[in-house]
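In terms of mature numbering (1 follows the signal peptide of the UniProt record, and there is no 0), the sequence shown is residues -23 to -1, 1 to 462.
Glycine residues also receive a C-beta, built at the ideal position from the N, C-alpha and C atoms.
Notes to accompany the following structure.
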Amino acid sequence: MGGLHAIPLSICITLLFVINGEAVTPRETLEIIIGGGGASPLPPPPDYQDCPPPPPPPCPPPPSPPKQYPPPPPPPERPLSPAPPKRQPPQPPKRQPPPPPPPAGDYGGYESELLALAAPVIKAFKKKVTYDPKNITKTWMGKNICRDYKGFICDTVPNRNQKGIAGVNFNNYNFNGKHLTLSELLIGLKDLAFFHANSNNFTGSIPLKISTLQYLYELDLSNNNFSGDFPHEVFGAKRLVFLDLRFNNYFGMVPSQVFLLNLDLLFINDNNFKQTLPENLGSTTALYLTLANNHFVGEIPRSIGGAANTLLEVLFLNNQLTGCLPYEIGLLKKSTVFDVGSNDLTGPIPHSFQCLEKMEILNLAHNKFYNEVPEAVCNLPKLSNFTVSYNYFTQVGPQCRELIKKGVLDVKMNCILDLPNQRSPTDCARFFSNLPSCRDKKSLTYIPCSKGYSGNQLETSNVQWATPSPAPAPLWRSYGALSPH
């Protein structure tokens, strides 16, 4: 097959050569190329104007089409990758919050470490209580002190972020036991803010380590069996604002330092204190001051005027106080109760008392006061109980008589001739035959709230007064302190 394809190509080349060269017959050219002849001559070639391309080789039959298969399913779409987050500038480190309180159960089943520490203290005290008429100690069982233990109050302790025992309220439980003291309990509960134990049978003394109770601000040990000198240990409790020691068996002297404590309430009535009142009495910041039912003697200090900005109620009743009332009492512009009943005081009522514009209860009964009952005092706007019975007053004016009619003023057993229920003339004559006098009569006429008044007018007064800022009034009344419960 290779030679057959070469022949037409040679013929084409030769023909091109003959056409371009000299005259050569077609036959001669053909014989030269082929070499030799044949028996019969070849038919003349067709006339070619040009050499056409050889015919293409016959095409093989087309292959049979491949077997058709259904197209494969398209591949699942590839999810788009999220765009990378933008790089944020570095943030300053955040302040870490305080750690959470430890979970329950980490301290032997108690709610906090502080309660776990308090539990053995309570159990030890429970063993000392042999008389419990209200079955209070039977509730002191189990792990949930805050919920189940009567008399114990829980709260979150400052700076500890966990619960502790913030208060004890044993009022009127009547606990008793052999040598029932509170030292171990009071000191063992280190987070106490208040301790109230009115009407029980505690004995012994207040522990010296009370100064370690950094949150203690209320201490009520009234109506128990404490005895001995005034408990100096309380001076270590620097936050104390409430001190109630009434109805115990304390005796001796009350230190003057007591009136320098930053107290709102001081109840020391119904003990056996015997002394003159400290000269710094007016330095007290107390709103409620009850010294009743003791054995205080001598005069009321003139320094009492120093409590003008704070003192609301003061009770001196049932002591052995003597002398005349100082005019400085009239400076107590915020006082609502003043009671000196059942003493041995004397003299006229100072004119300064007309400055007591907020006075509601004024008790001067059972003393040796004399002269007239001042009309200006009877004009006080809020006066609701004014008692001058069992004295030696000789006269009352129209305004005072109006108060008598209303039942506000009690003047029985005086020397007022035209009123009923008075002393006998003989009794009155005997008293005025030996009339007690006051050392500073001039001061009794001063009216500090009047215009033009100046305290410098009193040459005899050399007292320097403290002027503390008033504290918020607690919800207590001094007369309530005269009951043990």
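- Annotated three-state conformation of G282 is helix, per DSSP.
- In the structure shown, C415 falls within a coil segment according to DSSP collapsed to helix, strand and coil.
- Cβ contact annotation for Y108 (same chain, cutoff 6 Å, sequence separation greater than five): N153, in chain order.
- G205 and Y227 have their C-alpha atoms roughly 5 Å apart.
- Per DSSP, Q399 has no beta bridge partner at all.
- The three-state secondary structure of D404, taken from DSSP, is helix.
- Secondary structure in the stretch 293 to 361: the beta strand (DSSP E) runs of 3 residues or longer, each lying completely within the stretch, are 297 to 301, 314 to 316, 321 to 324, 338 to 340, 345 to 350 in chain order.
- In the DSSP assignment, I122 falls within the unbroken alpha helix (DSSP H) covering 122 to 125.
- The secondary-structure analysis by DSSP pairs I130 across a beta bridge with G144.
- Counting only the Cα atoms, T313 lies some 22 Å from R378.
- Listed as beta-bridge partners of L196 by DSSP are F172, L220.
- Taking the Cα of A285 as reference, the smallest distance to any Cα among K335, N398, A93 is reached at K335.
- Between I393 and F408, the beta carbon gap of about 14 Å keeps them out of contact (Cβ cut-off 8 Å).
- Rounded to the nearest angstrom, the Cβ distance from F293 to D316 is 7 Å, consistent with a contact under 8 Å.
- For D168, the CB contacts under 7 Å within the same chain, skipping 5 residues up- and downstream, are L91, V134, G141, I142, A143, Y192 in chain order.
- Listed in chain order, the non-local C-beta contacts of N200 below 8 Å within the same chain comprise N175, S176, N177, R223, F224, N225, P461, H462, local neighbours out to five positions each way being set aside.
- The three-state secondary structure of Q376, taken from DSSP, is helix.
- Collapsing the DSSP output to three states places E290 in a strand.
- It is roughly 15 Å from the alpha-carbon of Q376 to the alpha-carbon of L396.
- Per DSSP, reduced to three states, the secondary structure at V231 is coil, with no helix or strand assignment.
- A direct Cα-to-Cα measurement between E305 and K115 gives close to 54 Å.
- For the 9 Å CB-CB criterion, L264 and T287 form a contact.
- In the pairwise beta carbon analysis, the stretch 245 to 258 is classified as touching the stretch 270 to 277: at least three pairs are separated by under 8 Å.
- Contact annotation: G181 and Y150 have beta-carbon atoms that are not nearer than 9 Å.
- With a contact defined as Cβ atoms closer than 8 Å, T261 and A458 miss out at about 15 Å.
- For the 9 Å CB-CB criterion, G213 and I187 form a contact.
- The continuous stretches of alpha helix (DSSP H) do not include V211, and DSSP gives it neither H nor E.
- T189 is classed as exposed because its beta carbon has fewer than 16 other beta carbons within 10 Å across all chains shown.
- Linking D247 to L159 through their CA atoms gives a straight-line distance of about 21 Å.
- A Cβ-Cβ separation of about 16 Å leaves Y87 out of contact with A101 under the 8 Å criterion.
- Scanning G119, D125, V235, Q372 for the CA closest to the CA of E256 turns up V235.
- In the displayed model, F236 falls within a helix according to three-state DSSP.
- With contacts defined by Cβ atoms closer than 9 Å, L242 and V211 do not form a contacting pair.
- Here the alpha carbons of I164 and P184 stand approximately 8 Å from one another.
- Nearest to Y347 by C-alpha distance, out of E337, S410, N295, is S410.
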